[in-house]
Amino acid sequence: MFITAFGIRLYHINQPPLDFAPVRQYQLAHSARNYYFEGMESIPEWRKRIARINMERIGVVLEPRIMENAAVLGYRITGGEHLWIPRALSSVFWIVGGIFLYLTAKRISSPGAALFSTAFYLFLPFGISASRSFQPDPMMIMMLLCSIFTILKHNDQPSKFRLLIAGVISALAILVKPYCIFLIFFVFLSLSFLRYGVRKALISSNLLIFTILILLPTVMYYVYGILNNVGYLQEQAQASFLPSLLLQPYFWKDWLTLIGRVVGYIPFTGALIGFFLIRDKLARAVLSGLWIGYFVFGLFFTYHIHTHAYYQLQFIPVVALSLYPLSMPVKMALSNLFSSRNRILGIGTILVVLILGIGLNIQQVHLMRYKDQIKILSAVIGVNPAFRKFLAGDFEKEVKNAEEIGEIVGHSTNTVFLAADFGRSLAYNGELSGLPWPIAASLRERKERGLIIPSKEELFNSRYLMIRTHGKYIKYAPDFFIITDFKEFENQTDLKDFLNGNFPIIAQNEDYLIFDLRKMSGPDRQSS
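The end of the sequence shown is residue 529 by my numbering, with every number in the run present.
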């Protein structure tokens, strides 16, 4: 099962990382490229300069750069900048996490039920796409599941040594990405309540030691980063927690929508039912800690929990473990389905469902008039509509367009782009640099945060553009304005009128539009 799961993740893994969260994947890719280019005499200076500028502009430091450095090591070993290396490494992390999930599920249930939970974790479509992403998240999931397993082992036979092991592994998981702290802490707390009782657990030295162990490395890293604004962590911290969202009905609706996109409403409902069916005290304690931890996590990271699907990743193992009480009814249903009498009908039904599922994903572009129905069906059964990108895996056109744009603008470092994924894949594949023009989602975020948005007169004038970057607005006089997201461009009528009325077009086709803004006379004009 594990070998099959890993093999599936290698499908089209050598394609550009445009199939899942390209904003985050290319953020890390830019940083890794800069590290890789450093000290290499064979790389032209202009490429090093662009890589360095892009890392400064795009490579925001959100977590310790473990994945970037691992990627660079892989690049040097293989002698080339191959993005499949960190993606394959992420897949390995997810698979190893599945081993710890199986061991945990086996401890709180049975081997058969553990296999059922593990199969869900390994073969959930969203998990397949996310687990091969050039991000720290798959590593975090692996460390999170390892942490829960070691906490369980400590609970079985408490000792200072086992407490130390659980604390160190949990600390590493939180350092990789701090969002998993809530699940880890509440699982430990819930098991402590089960073993010692609430009052004794709260005043025990074990809880104090564990809390200090798991917090110390991450607190030191982020306090230093926030105080010194390393990688603009202050901006990121302010953007994550927006308590006013808790009072907005759309916040809860969007959160629930993302749950459907990630795990599906049928598995989600099954997990809720499974949780309430649990009678074993140990299993209930573990799962109570996981569910409470996930909910509290959402209350703290209010912006991301309702806007970013991959922030639901740690919910996948929660659902997987909660499904184990349903393993026996599912097994009985499948046994009946594949009985000698119904075998042909059962196999035929499954094949039809698989063919329809794959066909809907690949041919979704031809079914746009049914897109709302497809989204609903996908959310119900747990097949993310974006999974078709994993199945198709052909992004040669996007890369070719970026390379053409890079040539047209002379690999400029002084551009503005209105493009998908904030232009990060464009900058990477076209080897150019610039600043992204805000899309509708960016403007919505700024309004939710209560940020002041400049007036039309401030945004557009003949000398410069007002662009927000790294927590502040700057006056920016670019050489070129690159547009590949035509839907956004059509919706932003003020921008469209300003560019068409004041600047010449130097390149235009069905894929991109480039305006020449070099006549701008802004004081902050940079040299390309």
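Cβ coordinates follow ideal geometry from the N, Cα and C atoms, glycine included.
Buried or exposed by the 16-neighbour rule on C-beta atoms within 10 Å, applied to residue i
| i | result |
| --- | --- |
| residue 430 | buried |
| residue 189 | buried |
| residue 459 | exposed |
| residue 441 | exposed |
| residue 118 | buried |
| residue 498 | exposed |
| residue 315 | buried |
| residue 520 | exposed |
| residue 306 | buried |
| residue 138 | buried |
| residue 26 | buried |
| residue 110 | buried |
| residue 552 | Missing from the structure shown is residue 552; the chain here goes from 2 to 529 and no further. |
| residue 200 | exposed |
| residue 242 | exposed |
| residue 112 | exposed |
| residue 129 | buried |
| residue 448 | exposed |
| residue 17 | buried |
| residue 69 | buried |
| residue 422 | buried |
| residue 95 | buried |
| residue 290 | buried |
| residue 302 | buried |
| residue 456 | exposed |
| residue 356 | For residue 356, the predicted structure reports a pLDDT of 46, less than 50, and the residue's modelled location is therefore unreliable. A value from the coordinates is still provided. When all chains shown are included, residue 356 counts as exposed. |
| residue 509 | exposed |
| residue 12 | exposed |
| residue 362 | Bear in mind that a pLDDT of 48 at residue 362, under 50, signals an unreliable position, so the model cannot answer this. |
| residue 391 | buried |
| residue 5 | exposed |
| residue 248 | exposed |
| residue 494 | exposed |
| residue 77 | exposed |
| residue 313 | buried |
Cβ-Cβ separation, residue j to residue i (assumed contact under 8 Å), whole Å
| i | j | result |
| --- | --- | --- |
| residue 181 | residue 141 | 6 Å |
| residue 480 | residue 416 | 6 Å |
| residue 309 | residue 51 | With 8 Å as the limit, residue 309 and residue 51 do not qualify as a contact, their Cβ atoms being about 28 Å apart. |
| residue 192 | residue 282 | Not really, about 10 Å apart at Cβ, beyond 8 Å. |
| residue 19 | residue 443 | That pair is no contact at about 20 Å. |
| residue 388 | residue 126 | 4 Å |
| residue 293 | residue 461 | Wrong, their Cβ atoms sit about 49 Å apart, outside the cutoff. |
| residue 396 | residue 320 | That pair is no contact at about 30 Å. |
| residue 246 | residue 304 | 7 Å |
| residue 530 | residue 286 | Look at the range of the chain in this structure, 2 to 529, and you will see that residue 530 is not part of it. |
| residue 503 | residue 463 | 7 Å |
| residue 267 | residue 219 | No, residue 267 and residue 219 are not in contact; Cβ-Cβ is about 36 Å, not under 8 Å. |
Counterpart residues of residue i in DSSP-defined beta bridges
| i | result |
| --- | --- |
| residue 506 | 516 |
| residue 219 | Residue 219 is not bridged to any residue. |
| residue 418 | 437 and 483 |
C-beta atoms of residue i and residue j nearer than 8 Å
| i | j | result |
| --- | --- | --- |
| residue 97 | residue 143 | yes |
| residue 327 | residue 275 | yes |
| residue 59 | residue 31 | yes |
| residue 2 | residue 146 | no |
| residue 298 | residue 183 | yes |
| residue 106 | residue 115 | yes |
| residue 136 | residue 91 | yes |
| residue 64 | residue 177 | yes |
| residue 61 | residue 226 | no |
| residue 400 | residue 433 | no |
| residue 486 | residue 420 | yes |
| residue 164 | residue 210 | yes |
| residue 311 | residue 167 | no |
| residue 134 | residue 66 | no |
| residue 172 | residue 208 | no |
| residue 424 | residue 439 | no |
| residue 514 | residue 484 | yes |
| residue 465 | residue 473 | no |
| residue 288 | residue 322 | yes |
| residue 82 | residue 48 | no |
| residue 317 | residue 384 | no |
beta-carbon residue i near the ligand COA non-hydrogen atom, thresh 7 Å
| i | result |
| --- | --- |
| residue 243 | Because no ligand of any kind appears in the structure shown, any question about the ligand COA cannot be addressed here. |
(message) Just to confirm the assignment: which complete alpha helix (DSSP H) runs, minimum length 4, are found wholly within the stretch 431–502?
(response) Listed in chain order, they are 441–449, 457–460 and 487–492.
(request) Tell me the start and end of each unbroken alpha helix (DSSP H) in the stretch 267–311 that is at least 4 residues and wholly inside, in chain order. (result) Fully enclosed alpha helix (DSSP H) runs of 4 or longer: 282–301 and 303–306.
(message) Ignoring anything shorter than 4 residues, give me the alpha helix (DSSP H) runs that lie fully in the stretch 99–157, in order along the chain.
(response) 112–124, 126–131 and 138–157
(request) Scan the stretch 25–113 and note each continuous alpha helix (DSSP H) run of 4 residues or more that stays entirely inside, going in chain order. (result) Qualifying alpha helix (DSSP H) stretches, in chain order: 46–59, 67–79 and 85–109.
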